[in-house]
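Which chain is which? The protein sequence lines are A and B, in order.
Position one of the first sequence corresponds to residue 13 (our numbering), numbered consecutively onward.
Position one of the second sequence corresponds to residue 13 (our numbering), numbered consecutively onward.
Glycine included, each C-beta is placed from N, C-alpha and C at the ideal position.
In what follows, a structure is listed as structure tokens, so that the remarks can point back to it.
2 protein chains.
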Amino acid sequence: MTRPTIHDVARVAGVSLSTVDRVLNDREGVREKTRSRVLEAIGNLGFERNLAAANLSRKRRYRLCFILPEGENSFMRALEADLAEEAAAVLRDFTVIETRKVPAFDAGALADLLRGLDPEAVDGVAMVATDATVVRIAVRELRARGIAVVTLVSDLPGPEKQGFVGIDNVQAGRTAGSLLGRFCRGRSGRIAMVSGSMLVRDHAERRLGFEQVLRTEFPDQTPLAPIEGRDDKNRVREQLSAQLAEYPDIIGVYSMGAGNRGAAEALADLPPGRDVAVVVHELTPYSREALLDGTFDAVLHQNSRREVQGAIALLRGLLDDQTPPPAVEPIRVEIYMRDNLP
Amino acid sequence: MTRPTIHDVARVAGVSLSTVDRVLNDREGVREKTRSRVLEAIGNLGFERNLAAANLSRKRRYRLCFILPEGENSFMRALEADLAEEAAAVLRDFTVIETRKVPAFDAGALADLLRGLDPEAVDGVAMVATDATVVRIAVRELRARGIAVVTLVSDLPGPEKQGFVGIDNVQAGRTAGSLLGRFCRGRSGRIAMVSGSMLVRDHAERRLGFEQVLRTEFPDQTPLAPIEGRDDKNRVREQLSAQLAEYPDIIGVYSMGAGNRGAAEALADLPPGRDVAVVVHELTPYSREALLDGTFDAVLHQNSRREVQGAIALLRGLLDDQTPPPAVEPIRVEIYMRDNLP
DNA sequence: GGGAATTTGATAGACGTCTATCACAATCTG
DNA sequence: CAGATTGTGATAGACGTCTATCAAATTCCC
Chain A
13 MTRPTIHDVA RVAGVSLSTV DRVLNDREGV REKTRSRVLE AIGNLGFERN
63 LAAANLSRKR RYRLCFILPE GENSFMRALE ADLAEEAAAV LRDFTVIETR
113 KVPAFDAGAL ADLLRGLDPE AVDGVAMVAT DATVVRIAVR ELRARGIAVV
163 TLVSDLPGPE KQGFVGIDNV QAGRTAGSLL GRFCRGRSGR IAMVSGSMLV
213 RDHAERRLGF EQVLRTEFPD QTPLAPIEGR DDKNRVREQL SAQLAEYPDI
263 IGVYSMGAGN RGAAEALADL PPGRDVAVVV HELTPYSREA LLDGTFDAVL
313 HQNSRREVQG AIALLRGLLD DQTPPPAVEP IRVEIYMRDN LP
Chain B
13 MTRPTIHDVA RVAGVSLSTV DRVLNDREGV REKTRSRVLE AIGNLGFERN
63 LAAANLSRKR RYRLCFILPE GENSFMRALE ADLAEEAAAV LRDFTVIETR
113 KVPAFDAGAL ADLLRGLDPE AVDGVAMVAT DATVVRIAVR ELRARGIAVV
163 TLVSDLPGPE KQGFVGIDNV QAGRTAGSLL GRFCRGRSGR IAMVSGSMLV
213 RDHAERRLGF EQVLRTEFPD QTPLAPIEGR DDKNRVREQL SAQLAEYPDI
263 IGVYSMGAGN RGAAEALADL PPGRDVAVVV HELTPYSREA LLDGTFDAVL
313 HQNSRREVQG AIALLRGLLD DQTPPPAVEP IRVEIYMRDN LP
């Protein structure tokens, strides 16, 4: 009924409280034989340390640092806002979150920031990674200094980081292909693609997955080369309008991230009779509106709040030294249509 | 930097620890003037009680009771499994979960169970509600005895319960209509519907939303009267096969819950050339397989694990007397297709 | 076997809050 | 103004764990 305490462990193992404590907290000066006796007692009793009491006693605090790219990207700004709210909420659990921003796509700046982090002031880091060798090396150094590191939204492949919280972008692209293909079922024609500059890696993966599905499942629908929007609304609008005019047989549009507003405007300019199915990424006020007025048919989304919550939970688990680290439920590729808008 | 404690509050308010404690824990014997002085100090300092320390001191435990319908319904059994896992996980936070089962759709049995709950042994209840007056009355009595009550998956309309964790089923039906309509775009014909018996209320709401969307947005697609499957696989198979044979212009099928297996079999029997779009509810091993082999086009789902987590979090918040109670993020209607399967 | 080194035990106080008790002060009653 | 009543303060110990210190016991080495 009541949980065993270290007192029970000491009694069962036939040792003193001090010794139990030494074993629990990996202090030295315990003979191997004694240690195993204590561990055995812990196992038999099913003892689990009371984290609340332990943290209370040692005045533990979790000092986390979140690193995001700066810039206009509306998904990142939404993520930043969620982060601020979550930071306020977890304060009561003695978790202090500091947010840092670095120029987007600048691996050097990110690596510099990481190198400058003081293990005396930071226990764990969550970052939207730029995938580059300098970054990987900087992460390795961080870990060597005893700081926990996870990636967020955009992964850093390799063994350096201790976890990733975000969606599978190839899967996201495949899902987009699957949806758009079905929306265009029975018709044949071309598909326009708009890529932004949100994260080069993300968009490349999305394109990959998208074209995979189109090629194998919907061979009557032919993807055009992606338009490079670079977050510039007018550029997207012009280029997409031009493509739509040049190829009257465009029956679908896939927008992989930034640039949704430009795409919506280009589509609004089309003559009323023309029927184009549209799938885009990231639910924002703009894409939401376009979904409601019928310009977009579906929006793929990643829940940034859950990503933030997941990163916090994962870091805390790592810092609590839970073995194995707590499995954070994977972030899903969410599909929104007009009628399941949140 | 460090959070204020009750000692700081006492000092600032110019009173003793005892008085602060009396105010914090709503004990009587404090003059109104003194009380407001303490409250003012709390406000000025931004004091928040350290829940971990408080719970440690008073050996607080959260005793929760989850009430689920018994029977073969695979969604409910999945939910039960998730509940068992979560129960093990939250044990370390001093939360003890007891699971009770009642006959499905039996309002009297549910009300009896509620009436029998002892406030000495249970602090909070989460239940899959059957919507009936006896139940509402029983809930009111529970609340009067000081037990927190929330509904799970299936709501009990009205002010008695303190929260609901689950999806909006009208919205789910609308989403299904929206998807199936688009999948059948450009074709005209009939839509078959399969309702199970999972929860009468849920299915009625789903049908409502579904037909709404079909009527207003896809008038060329005409819904047939729903088949009542009652969890009986063979019955679903036979009736759906018969309908498919009788109406060669059926171009879509919407299965609202139980009965997916029977529907899949009926569809597998169709001649190869016939193209029917299929949308069903609840992701299970069977619906997953049907999605993978192309029998189903989309599956709508509610994440039962999150529902369980949400109910636990909500109940704990209510019991901690947080004001306002913590806003549990709403459960989303999730859409799965072959390529975004989790 | 004696001294040094290592391992273990005992004890005390801390973390922030709760509960209980008792004494003392302030207010009310008549 | 005495006595009853109510409000307040002081103190002690508890919750389960951690940290630190010092003494005692055990082991090791020559």
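Given a length threshold of 3 residues, each whole run of the beta strand (DSSP E) inside the region 34-82 of chain B is given here in chain order: 74-81. Within chain A, the residues placing a beta-carbon under 7 Å from that of L191(B) are M349, ordered along the chain. Around the beta carbon of T142(A), a 10 Å sphere encloses 16 or more other beta carbons of the protein chains shown; the residue is thus reported as buried. Within chain B, the residues whose beta carbon sits less than 7 Å from that of A64(A) are A64, N67 and L68, listed in sequence order. In terms of beta-carbon proximity, E60(A) lines the interface with chain B, with at least one pair separated by less than 7 Å. Judged by DSSP in its simplified three-state form, G264(B) adopts strand. Nearest C-alpha to A237(A) among T111(A), R350(A) and M268(A): M268(A). Look at P235(B) here: in three-state DSSP terms it is strand.
For L312(A), the enclosing beta strand (DSSP E) covers residues A310 to H313.
Nearest CB-CB separation between Q183(A) and chain B: below the 7 Å threshold. Within 8 Å of the CB of G198(B), the CB atoms of chain A belong to G198 and R199, in sequence order along the chain. Residue pairing by DSSP places E346(A) opposite H313(A) in a beta bridge. L168(B) and N181(B) have their alpha carbons spaced roughly 13 Å apart. Of all residues in the region 296-314 of chain A, only D309 come within less than 7 Å of chain B when Cβ atoms are compared, listed by chain position. For R112(B), the enclosing beta strand (DSSP E) starts and ends at T107 to V114. The beta carbon of F195(B) falls within 7 Å of a beta carbon belonging to chain A, placing the residue at that interface. Counted as a single uninterrupted DSSP element, the alpha helix (DSSP H) harbouring A150(A) occupies residues T145 to A156. With fewer than 16 other CB atoms across the displayed protein chains lying within 10 angstroms of its CB, T14(A) is exposed.
Boundaries around T163(B) are those of the beta strand (DSSP E), A160 to L164, since no alpha helix (DSSP H) includes it. Contact note: R104(A) reaches chain B through E60 and L63, using a C-beta cutoff of 8 Å and chain order.
Put simply, of T163(B), I347(B) and M205(B) the residue whose alpha carbon is nearest the alpha carbon of G322(B) is T163(B).
Minimum Cα-Cα distance from G189(B) among the listed residues D20(A), R350(A), H19(A) and P354(A) corresponds to R350(A). Taking a beta-carbon distance threshold of 7 Å, R75(B) does not count as an interface residue toward chain A. Distances from the CA of R61(B) to each of F78(B), P81(B) and N37(B) were compared; the closest alpha carbon is that of N37(B). R318(B) and Q251(A) have their C-alpha atoms spaced approximately 43 Å apart.
The beta carbon of A254(A) is closer than 8 Å to none in its chain, skipping five residues each way along the sequence. The beta carbons of I262(B) and A204(B) sit closer together than 7 Å. Non-local C-beta neighbours of R328(A) in its own chain, meaning closer than 6 Å and more than five positions away in sequence, comprise Y74, ordered along the chain. Taking the C-beta atoms as reference points, F308(A) is found nearer than 7 Å to V290(A). Nearest C-alpha to A302(A) among G83(A), S69(A) and L353(A): L353(A). Here the region 89-96 of chain A does not lie against the region 88-108 of chain B, with fewer than 3 beta-carbon pairs under 8 Å apart.
Closer than 8 Å at the C-beta level to chain B, one finds these residues of the region 320-342 of chain A: E341 and P342.
For N56(A), there are no C-beta contacts with chain B under 9 Å, since the nearest C-beta of that chain is about 18 Å from it. If you compare the alpha carbons of D135(A), R194(A) and E82(A) with that of A160(A), the shortest gap goes to D135(A).
Between V146(B) and C77(B), the gap from beta carbon to beta carbon reaches 7 Å or more.
Of all alpha-carbon atoms in A184(A), F59(A), R249(A) and L331(A), the one lying nearest the alpha-carbon of H215(A) is that of A184(A).
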